[in-house]
Amino acid sequence: MDMQNFNPPIVQGMVAPGFEGVRQQFEINFRQGRELGAACTVYRRGERVVDLWGGYRDSRMRDPWLEDTLVLVFSTTKGLAAMTLALAHSRGWLDYDERVATYWPEFAQRGKEKVTVRQLLSHQAGLCVVAEPLDIATLSDQERLSEILARQKPRWEPGVRQGYHAISLGLYEGELIRRVDPRHRSLGRFFQDEIAGPLGIEFYIGLPASIPDERIAAIEMPGLFELLFKRRNYAFAAAFLNPRSLSRRAFYNPPPGTGIDFRDHENRGIEMPAAGGYGQVRAIARAYSAFAEGGAELGLEQATFEALTAPPIPPEQGWRDLVLRSEVSFSLGFHRPHGKHQFGSTPRAFGTPGLGGSIGFADPDACLGFAYAPNKMGFNQGNDSRLKDLEQALYRCLERLGA
Numbered sequence: 000m001d002m003q004n005f006n007p008p009i010v011q012g013m014v015a016p017g018f019e020g021v022r023q024q025f026e027i028n029f030r031q032g033r034e035l036g037a038a039c040t041v042y043r044r045g046e047r048v049v050d051l052w053g054g055y056r057d058s059r060m061r062d063p064w065l066e067d068t069l070v071l072v073f074s075t076t077k078g079l080a081a082m083t084l085a086l087a088h089s090r091g092w093l094d095y096d097e098r099v100a101t102y103w104p105e106f107a108q109r110g111k112e113k114v115t116v117r118q119l120l121s122h123q124a125g126l127c128v129v130a131e132p133l134d135i136a137t138l139s140d141q142e143r144l145s146e147i148l149a150r151q152k153p154r155w156e157p158g159v160r161q162g163y164h165a166i167s168l169g170l171y172e173g174e175l176i177r178r179v180d181p182r183h184r185s186l187g188r189f190f191q192d193e194i195a196g197p198l199g200i201e202f203y204i205g206l207p208a209s210i211p212d213e214r215i216a217a218i219e220m221p222g223l224f225e226l227l228f229k230r231r232n233y234a235f236a237a238a239f240l241n242p243r244s245l246s247r248r249a250f251y252n253p254p255p256g257t258g259i260d261f262r263d264h265e266n267r268g269i270e271m272p273a274a275g276g277y278g279q280v281r282a283i284a285r286a287y288s289a290f291a292e293g294g295a296e297l298g299l300e301q302a303t304f305e306a307l308t309a310p311p312i313p314p315e316q317g318w319r320d321l322v323l324r325s326e327v328s329f330s331l332g333f334h335r336p337h338g339k340h341q342f343g344s345t346p347r348a349f350g351t352p353g354l355g356g357s358i359g360f361a362d363p364d365a366c367l368g369f370a371y372a373p374n375k376m377g378f379n380q381g382n383d384s385r386l387k388d389l390e391q392a393l394y395r396c397l398e399r400l401g402a
């Protein structure tokens, strides 16, 4: 794409009085050629104060990003999936500190007998790699997938180390929801019934076939080497290039060559709660807004909200992640502010970033739900410069408003 000839459609949407700085920064990102298409939404105290979209949803620069455009947000999906587990906790269906095998007896094999739900959701269970190759048929057969997941052997003693469960986390979460839900719904179905429906938002974990391609933003991916080395985590890049490393294997199942690409129409309907969510960006912000406010409108109990905002519990050997090769903090399915990976106004914030620059998070102390997603992939998950500039503009606006 020739950025010198890039002339994006005018940014559209609204900002409430006092939040004009966010719109200004959103427009700057486009003028500087850093965006193809993108959207950003903020809710404060349950009210929408920023709702912006602009640019193009295709690399040919023919089709504008519209108000109802949907976009693949990769690992930002993890936060929406974690919300379903939080609701299950509030309803008394599961305890974060109970053993996974209490709800899923077949899980209790090959060293997983004592793994707790908390350890699993915090990437401490050693299950970042699924050894058996996954394909469309397996991912579409929950019973078969359940057997494969139950047979998996941990890569380290659970609770001792941490390694990002890039794809596998959502598969385990999906089986847990199916086990504890009295109606045995899939995680995607549960999300639609219990979160998307009540909030009136459009976000899917498993995109319905009825959604036309014309509503979907096309993702512009960089090359693999560009993606690896421009993120400036050279330890991760080196590990990822080793086919036998945890870093490579955690991300590469389903493996290349199977025909599974969740950007493709044929695969969008498969439920991948860790990486395959499609939706409107404002839907992500609205869901996080509900959680930032305590989740009462969804039936979230105070004890669950307190668990989500409590300080995360590190593994015995600290936050150094064996897959990401950096220090990252997780708790109950969410990222938490830590080290170089900061978001929100206080350590009580929780959310998840996605490949390429997207993010959704709740900031309970500022009463905010925030979401941003582009279709031109960046290189720094959670620390994308476009995202950080928008966040900083938002918090400057809040500071001027005396919030």
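Residue numbers (this note's numbering): 0 to 402.
All C-beta atoms in this analysis are idealised placements derived from N, C-alpha and C, irrespective of residue type, glycine included.
Taking residue i as the reference, which of the options has the closest Cα?
i	options	result
Ala372	Ala136, Trp318, Ile27, Cys39	Cys39
Leu86	Ser328, Pro272, Leu307	Leu307
Leu367	Phe342, Pro352, Ser384, Asn379	Phe342
Arg150	Val159, Arg184, Ala100, Gly187	Ala100
Gln23	Phe190, Leu51, Gly36	Leu51
Ala289	Phe304, Gly275, Tyr277, Met376	Phe304
Arg324	Leu175, Asp62, Glu193, Ser246	Ser246
Trp64	Arg143, Leu126, Arg214	Arg214
Pro345	Asp364, Phe189, Asp96	Strictly speaking, residue 345 in this sequence is Thr, with Pro absent from that position. Thr345 has its Cα closest to that of Asp364, out of Asp364, Phe189, Asp96.
Glu219	Phe25, Val72, Ala392	Val72
Gly350	Gly356, Asn266, Gly332	Gly332
Asp62	Cys127, Ala216, Ala107	Ala216
Glu46	Val322, Arg385, Ala286	Ala286
Cys127	Trp155, Arg143, Gln108, Ala107	Trp155
Arg143	Glu105, Val280, Val327	Glu105
Pro408	Gly359, Ile210, Glu97, Met376	For the chain, the structure presents residues 0 to 402; residue 408 sits outside this window and is missing.
So is residue i buried or exposed if we call it buried at 16+ other beta carbons inside 10 Å?
i	result
Arg243	exposed
Ala291	buried
Leu206	buried
Arg43	buried
Pro132	exposed
Val159	exposed
Ala136	exposed
Tyr233	exposed
Ile9	exposed
Thr115	buried
Glu390	buried
Met0	Caution applies to Met0, whose pLDDT of 45 falls short of 50 and renders its modelled position unreliable; the model cannot decide the point.
Arg347	buried
His122	buried
Met13	exposed
His164	buried
Pro181	exposed
Arg385	buried
Pro157	buried
Ala208	exposed
Arg109	exposed
In whole angstroms, what is the alpha-carbon distance linking residue i and residue j?
i	j	result
Glu201	Thr68	10 Å
Glu270	Gly401	42 Å
Leu299	His340	27 Å
Ala284	Ser139	29 Å
Arg56	Ala370	17 Å
Pro197	Leu297	7 Å
Ala302	Arg90	11 Å
Gly162	Gln31	36 Å
Arg248	Pro314	21 Å
Pro311	Pro336	10 Å
Phe190	Leu84	10 Å
Phe29	Leu35	7 Å
Gly258	Asp134	Interpretation of Gly258 is limited by its pLDDT of 47, a score under 50 that renders its predicted location unreliable; the figure taken from the coordinates is listed afterwards. Gly258 and Asp134: Cα-Cα distance of roughly 8 Å.
Glu174	Phe378	31 Å
Gln11	Gly53	6 Å
Lys77	Ala274	7 Å
Glu265	Val179	30 Å
Gly294	Ala361	11 Å
Glu146	Leu397	49 Å
Val129	Pro153	10 Å
Val41	Ala282	10 Å
Ala392	Lys111	45 Å
Gly356	Val280	13 Å
Indicate whether residue i and residue j have their beta-carbon atoms separated by less than 8 Å.
i	j	result
Arg319	Gly17	no
Glu172	Pro253	no
Gly278	Tyr394	no
Ile166	Phe250	yes
Val70	Asn374	yes
Ser409	Leu354	Outside the modelled stretch of the chain, which goes from 0 to 402, sits residue 409, for which no answer is possible.
Leu170	Leu148	yes
Val48	Ala81	no
Arg117	Tyr102	no
Give, in chain order, every unbroken run of the beta strand (DSSP E) that is at least 3 residues long and sits entirely within the region 268 to 303. The qualifying runs are 276 to 278.
What residue ranges within the region 341 to 366 form continuous beta strand (DSSP E) runs of no fewer than 3 residues, ordered along the chain? Counting only runs of at least 3 residues, the region 341 to 366 fully encloses the following beta strand (DSSP E) elements, listed from N- to C-terminal order: 349 to 352, 358 to 362.
Uninterrupted alpha helix (DSSP H) stretches inside the region 127 to 190 (no shorter than 4 residues): Runs of the alpha helix (DSSP H) inside the region 127 to 190: 135 to 138, 141 to 150, 167 to 179, 186 to 190.
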